[in-house]
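Single-structure report; data block below.
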Amino acid sequence: MRKLIGVFAVMLLLCLNLVQTASAHEMPSSAVSLDFEENRVTAELVLPIDRLEIAFGQTLTDSPSEVIATYGDELEAYIIEHVNPVSPDGEDWSVSVTDMSLQLDEQPYDLIVQLEMEPPSGAPLDQFTFNYDVIINQLITHKALISVTSDWNNGVTTSDPVLLGTLRADVTSIEVDRSGGSWWHGFTNLVQLGISHIAEGTDHLMFLLVLLLPAPILARGKRWTKFGGVRHSIAQLLKVATAFTVGHSLTLIAGALGWIPGSSQWVETLIAVSILVSAIHAIRPIFPGREALVAFGFGLIHGMAFASLIEEIGLSPWRMASSLLGFNVGIELMQLTVIAATMPWLLLLSVTRLYRFIRLAGAGIAIVASVAWIVERVTQASNPVASAVNASAPYAGWLIVAIAVIAITVALWRKLILVHKSKPA
Amino acid sequence: MKKNITFTLTCMTLVLGLVLGACSNNSNSSDTAATASSSDMQTGGAQGGTPPDGTPPGGGNGGGPGGGADIPESVTDVAAIIEEVDATADTSACSSDDTTVQIACLANAFKETLTDEQAEEVQYELTEENAEVWSNLPVNAVERNGVMLGSLSEDSLKAFFALAQTALGESGYETFKEVVLADNNLNSVNSGMWSSDYYFVAFLGEPSDTSAWILQIGGHHYASNLSYNTQVTSATPTFTGTEPLTYTSDGGVTYAPLQGRRDAMYGMINSLTDTQLEEAQLSKSFDDVLVGPGEDGAFPTSEGITVSELTDEQQELVKAAIEAWVKDTNDEVSEELLSSYLSAEALSQTKISWSGSTSLDEHGSYVRIDGPRVWIEFICQTGVAYQDQIHYHTVWRDKEADYGGSFSS
Numbered sequence: 111m112r113k114l115i116g117v118f119a120v121m122l123l124l125c126l127n128l129v130q131t132a133s134a135h136e137m138p139s140s141a142v143s144l145d146f147e148e149n150r151v152t153a154e155l156v157l158p159i160d161r162l163e164i165a166f167g168q169t170l171t172d173s174p175s176e177v178i179a180t181y182g183d184e185l186e187a188y189i190i191e192h193v194n195p196v197s198p199d200g201e202d203w204s205v206s207v208t209d210m211s212l213q214l215d216e217q218p219y220d221l222i223v224q225l226e227m228e229p230p231s232g233a234p235l236d237q238f239t240f241n242y243d244v245i246i247n248q249l250i251t252h253k254a255l256i257s258v259t260s261d262w263n264n265g266v267t268t269s270d271p272v273l274l275g276t277l278r279a280d281v282t283s284i285e286v287d288r289s290g291g292s293w294w295h296g297f298t299n300l301v302q303l304g305i306s307h308i309a310e311g312t313d314h315l316m317f318l319l320v321l322l323l324p325a326p327i328l329a330r331g332k333r334w335t336k337f338g339g340v341r342h343s344i345a346q347l348l349k350v351a352t353a354f355t356v357g358h359s360l361t362l363i364a365g366a367l368g369w370i371p372g373s374s375q376w377v378e379t380l381i382a383v384s385i386l387v388s389a390i391h392a393i394r395p396i397f398p399g400r401e402a403l404v405a406f407g408f409g410l411i412h413g414m415a416f417a418s419l420i421e422e423i424g425l426s427p428w429r430m431a432s433s434l435l436g437f438n439v440g441i442e443l444m445q446l447t448v449i450a451a452t453m454p455w456l457l458l459l460s461v462t463r464l465y466r467f468i469r470l471a472g473a474g475i476a477i478v479a480s481v482a483w484i485v486e487r488v489t490q491a492s493n494p495v496a497s498a499v500n501a502s503a504p505y506a507g508w509l510i511v512a513i514a515v516i517a518i519t520v521a522l523w524r525k526l527i528l529v530h531k532s533k534p535a
Numbered sequence: 023m024k025k026n027i028t029f030t031l032t033c034m035t036l037v038l039g040l041v042l043g044a045c046s047n048n049s050n051s052s053d054t055a056a057t058a059s060s061s062d063m064q065t066g067g068a069q070g071g072t073p074p075d076g077t078p079p080g081g082g083n084g085g086g087p088g089g090g091a092d093i094p095e096s097v098t099d100v101a102a103i104i105e106e107v108d109a110t111a112d113t114s115a116c117s118s119d120d121t122t123v124q125i126a127c128l129a130n131a132f133k134e135t136l137t138d139e140q141a142e143e144v145q146y147e148l149t150e151e152n153a154e155v156w157s158n159l160p161v162n163a164v165e166r167n168g169v170m171l172g173s174l175s176e177d178s179l180k181a182f183f184a185l186a187q188t189a190l191g192e193s194g195y196e197t198f199k200e201v202v203l204a205d206n207n208l209n210s211v212n213s214g215m216w217s218s219d220y221y222f223v224a225f226l227g228e229p230s231d232t233s234a235w236i237l238q239i240g241g242h243h244y245a246s247n248l249s250y251n252t253q254v255t256s257a258t259p260t261f262t263g264t265e266p267l268t269y270t271s272d273g274g275v276t277y278a279p280l281q282g283r284r285d286a287m288y289g290m291i292n293s294l295t296d297t298q299l300e301e302a303q304l305s306k307s308f309d310d311v312l313v314g315p316g317e318d319g320a321f322p323t324s325e326g327i328t329v330s331e332l333t334d335e336q337q338e339l340v341k342a343a344i345e346a347w348v349k350d351t352n353d354e355v356s357e358e359l360l361s362s363y364l365s366a367e368a369l370s371q372t373k374i375s376w377s378g379s380t381s382l383d384e385h386g387s388y389v390r391i392d393g394p395r396v397w398i399e400f401i402c403q404t405g406v407a408y409q410d411q412i413h414y415h416t417v418w419r420d421k422e423a424d425y426g427g428s429f430s431s
């Protein structure tokens, strides 16, 4: 299990560039990504300029950066002529170019075209014949990979695009049938996405668990003392978990709506810092009684990391709201599961003196991991400790098993001692 | 108090033991590992959804080793041995007048030298799905059938070369060797993508004197499908390509692997007059062969100038161009195929055509021979390893006899 942010970043990059990277070995291909919105389909075409010029008939590779300025209108006309979605009863869709940009960072250079495609009134959005021969109309050995990158109703999101097919030579049309989806399908998909991303996010879980480590016990001055009672423990737990949820939900929503920037190197670093701070707190109380506030504050930062995940989803307010809700429900479900699997054992143990060791050991692990992550994220280079932590993260589940076994053993032991002590008395 | 410490220590030992135990047993615990690998699976799965160029649709893992882009470990230096073994390999154990019998015997002799595991890896069922697994992409991008030459022992490798020499004939083996050695040159550019070690051999169907089987040899710029006891005698589909165009081997020899084919095509197309060239020019452009890997049977309508309209001299050049491919297989097979490809009747239905340019030294320069059976394409492309040079891709197919006609519908 790798750290959540890394996985996000890598996956997002992979997904966005997926079709390109997969085909970049030898022959540059075109990539067409379809996004199914509520009443239209948008398409992004990634067209290698050195292949486009063969079909377009004008040299584009001499001054690639000038391509749009020089040939913008002609290119638009050429593309419109070669992209023709047709409804099942043979009616043409309307197609318009909404944006053109250039990718000049990496060879082969690409022209990136955004299209808006709308079915004629009365025709379905989810069923059409996609006639497409941009470049292929002349360069018949060129390939265009057609994929769906988002289709809410069918649970397709940018993180897991679906390849529909490859167009080449005399195969220049593809039957698109995305019928059969539903709001519920899309919603459950987002819930699953939320669940899987919290399950893979070692750092988010570690933060929450470490913050909950001292929840059952009372702080007196600069020391943690004794078990504060079941009511105290559960109240603390609820406060912390709720505050964290409120915090990350706020930035998740703000980020997804584009109000604040999404994940970055510094967000990642701050997340690691949040673990360090709560680990220190678990050793010596540095913000006793204000755990909820701290959970809220750091929740805001963790939410920024989640936000980058669903930026690409749901362009209409309704889909956006549904996505946010589904994703957040998934996150909460997973969080609650982990809390439910861990806290009973910690509560059982917290009445014993052994809990001190558990708390210190937990905090110690978290300090080592968080410092390693901080270094890794600041320097943008892996280090042996961080690698070891990332590599051992999959076994974290066994730690819970271990704690459970200890808790049960201790509980039985205490019972035995009590029975033993009560006998002579 | 003392009791307390003992107790704590016991517990800590228990925790440690459990954690260590959990770690070492992880491969069996799908429970915890599942969350870990799901991210990898997600990205991996998504990548799988987008096959790289040239991946045969639906093909890829018929009965063979599953790991698509995983290149096996090399134990033998193929480049060194292929240069060292001369074109006089020891085939005495399998002498026979009938080359089909001899090739089956050599194939089984090669199999004898393999470990049990390798012998299993080399053997496939003769199905269309297995047969179409060949490509012109580096082996890290598209998997091949069979055992990798670099993973063979030196003895096995020599037994394979004896088989290949007999099956491909002298010039065919030479072409194979030079294409393989070109990848030794590319190895210095990217060792994860190219190496003379990364070539494969597979048997589709058990090698036999009587029942149908295909000897499949393939790697980066090479694929041949030599069919025996099939409906029709055949050596196709055959893909040959090369990058760089010329190189000096570790043994100090300078090779130009497909120079003969290039020159034959160049001589043929440049013998045409301006009017003939105009008639032979294709309206479309090309940046690769059209009927390459994964395009079985996808021949377009014939275009170009008919060979029988050409002068005798020009016709001789067409024949020479066809021979440049067809003679790269054993004599028995090539003679039979040539008599069909070059018959007066066949030539009256054979067309030659070109696109891009006739120079055969710039990107997009393309020449095609399109007969009732024979199909040959030659294309110049910008280099991949050496981007300031061009490189060649060529394919030879037989419209009736690809894979020995085993799968023609």
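Line by line, the protein sequences give chains A and B. Just so we're on the same page, our numbering is the position in the first sequence counted from 1, plus 110. Just so we're on the same page, our numbering is the position in the second sequence counted from 1, plus 22. Glycine is no exception: its CB is placed at the ideal position from the N, C-alpha and C atoms.
State yes or no: is the C-beta of residue i within less than 7 Å of the C-beta of residue j?
i       : j       : result
L386(A) : S502(A) : no
T323(B) : D424(B) : no
D329(B) : L359(B) : Sequence inspection shows Val at residue 329(B); the Asp mentioned does not correspond to that position. No, the pair does not count as a contact, with Cβ atoms beyond the cut-off.
I159(A) : T169(A) : no
Q145(B) : F198(B) : no
I374(B) : A302(B) : yes
E226(A) : R288(A) : no
D220(A) : V177(A) : no
S197(A) : F238(A) : yes
P160(B) : H242(B) : yes
L248(B) : A189(B) : yes
G296(A) : W262(A) : yes
P395(A) : A351(A) : no
M316(A) : G365(A) : no
Alpha carbon to alpha carbon, what distance is there between residue j and residue i?
i       : j       : result
T447(A) : T462(A) : 25 Å
S257(A) : E325(B) : 33 Å
T379(A) : S306(A) : 22 Å
I449(A) : V340(A) : 15 Å
V396(B) : A342(B) : 13 Å
Q281(B) : A366(B) : 28 Å
E317(B) : E163(A) : 25 Å
F183(B) : C116(B) : 14 Å
Are there 16 or more other CB atoms within 10 angstroms of the CB of residue i, so buried, or fewer, so exposed?
i       : result
A476(A) : buried
P454(A) : exposed
T404(B) : buried
F321(B) : exposed
V406(B) : buried
K332(A) : exposed
D92(B)  : exposed
D183(A) : exposed
G200(A) : exposed
P494(A) : exposed
What whole-angstrom Cβ distance do residue i and residue j have, given they're in contact under 8 Å?
i       : j       : result
I398(B) : I391(B) : 4 Å
I510(A) : A431(A) : 34 Å between Cβ atoms; not a contact.
V417(B) : V275(B) : In fact, because the Cβ distance is near 27 Å, the residues do not count as touching under 8 Å.
T122(B) : N251(B) : 7 Å
P271(A) : S143(A) : 7 Å
Spell out whether any CB of chain B is found under 7 Å from the CB atom of residue i.
i       : result
L300(A) : no
I518(A) : no
T282(A) : no
I484(A) : no
I370(A) : no
G116(A) : Annotation note: pLDDT 40 at G116(A) (below 50); position unreliable, coordinate value reported separately. Chain B, which has no Cβ nearer than 7 Å to the Cβ of G116(A), makes this no.
Does any C-beta atom of chain A lie closer than 7 Å to the C-beta of residue i?
i       : result
D120(B) : no
F308(B) : yes
L312(B) : yes
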